[in-house]
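Report on one structure; see the data block that follows.
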Amino acid sequence: MTASALPDPGRYSIYTGRVTNWPLAVAVHVALLAPLLLLGSLSHGSWLDPAGPAIPLLVGAVVALITMLTGLSVKTAAGPNGVSVQCGAVGWPRRTYRLEEIERAEVIDLSPSLWRMSLGYWWTPRHTYFTVRTGPALRLTTRTGRSVTITVPDPHAAIAIIREANSA
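So my numbering is basically just the index in the sequence shown, starting at one, shifted up by 793.
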């Protein structure tokens with residue numbers, strides 16, 4: 794995470810931060826693989842039969858790999874070019890919100906509620922979520938009315954950099 798003061802006119806500060814949630818990833822994979830292993834162990838065929846445990850284990854391994862590559866972390870950068878968000882080890886999905894697109898930036902508290910918050914990358918017609926944990930987060934409201942919620946280590950510093958870039 795980086796946030797520096799403006800040293801000279803014409804120079805800009807940039808905020809970067811990365812949030813990773815390994816306990817969530819382990820819990821999701823255990824919750825996914827346990828039923829698949831149970832289904833595989835209850836089958837009466839050999840390992841490679843269509844009714845055997847190889848297919849459920851392969852499905853579980855593919856889902857685990859996709860989650861590991863795309864959904865374990867959120868990397869955010871804010872500065873004079875706007876706010877850029879990348880997910881996972883491969884940086885996908887990724888999105889950049891230019892300063893001209895951002896109408897409002899605020900700090901919100903993501904509370905652990907099953908009905909109000911989803912973890913990971915979620916897109917709906919009015920909202921986009923890049924979240925991997927509860928707690929303070931950055932919420933951007935775009936000029937089109939879309940709400941973008943991003944998990945960042947220090948949302949107050951990110952907002953300060955966005956406001957500084959807007960005023961420059």
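Backbone N, C-alpha and C define an ideal beta-carbon position, used for all residues, glycine too.
The structure presented is a predicted model; accordingly, all values stated were derived computationally and were not measured.
| Query | Result |
| --- | --- |
| Out of Tyr890, Gly864 and Leu825, point me to the one whose CA is closest to Ala870's CA. | Tyr890 |
| If you count every other CB in all the chains shown that lies within 10 Å of the CB of Thr819, and 16 or more means buried, which is it? | First, the residue type needs correcting, since residue 819 is Val and not Thr in the sequence shown. Flag for Val819 reads exposed. |
| Pick out whichever of Ala827, Thr935 and Tyr805 has its Cα sitting closest to the Cα of Glu893. | Thr935 |
| Starting from Ile952, follow the alpha helix (DSSP H) in both directions and report where the run begins and ends. | Pro948 to Ser960 |
| With a cut-off of 8 angstroms, do at least 3 Cβ pairs link the segment 806-821 to the segment 930-949? | yes |
| I need the straight-line Cα distance from Ala950 to Tyr808, nearest angstrom please. | 7 angstroms |
| For Gly853, name the three-state secondary structure that DSSP assigns. | helix |
| Could I get the ranges of all uninterrupted beta strand (DSSP E) runs contained in the segment 873-940, with 3 residues as the minimum, in chain order? | 875-880, 887-890, 895-903, 913-916, 920-924 and 928-935 |
| Pull the bridge partners of Ala870 from the DSSP assignment, please. | Thr809 and Ser877 |
| Taking all protein chains shown into account, decide if Ser904 is buried (16 or more other Cβ within 10 angstroms of its Cβ) or exposed. | exposed |
| Only counting the same chain, and skipping five residues up and downstream in sequence, which positions put a Cβ closer than 6 angstroms to that of Arg932? | Glu899, Ile901 and Thr942 |
| For Ala857, which residues of its own chain have a beta-carbon under 6 angstroms away from its beta-carbon, when the five flanking residues on both sides are left out? | His822 |
| If Leu829 and Pro849 are in contact, beta carbons under 8 angstroms, what's the gap, nearest whole angstrom? | 4 angstroms |
| Can you name the residues that DSSP bridges to Thr944? | Answer by DSSP bridge pairing: none, since Thr944 is not bridged. |
| Thinking just about the alpha-carbon of each residue, which of Ala827, Ala847, Phe923 and Asn874 is nearest to the one in Asn959? | Asn874 |
| In whole angstroms, what is the alpha-carbon distance linking Ala854 and Thr924? | 23 angstroms |
| Give a yes or no on whether the C-beta atoms belonging to Gly884 and Tyr805 are separated by under 8 angstroms. | no |
| Which of the three DSSP states, helix, strand or coil, is assigned to Leu829? | helix |
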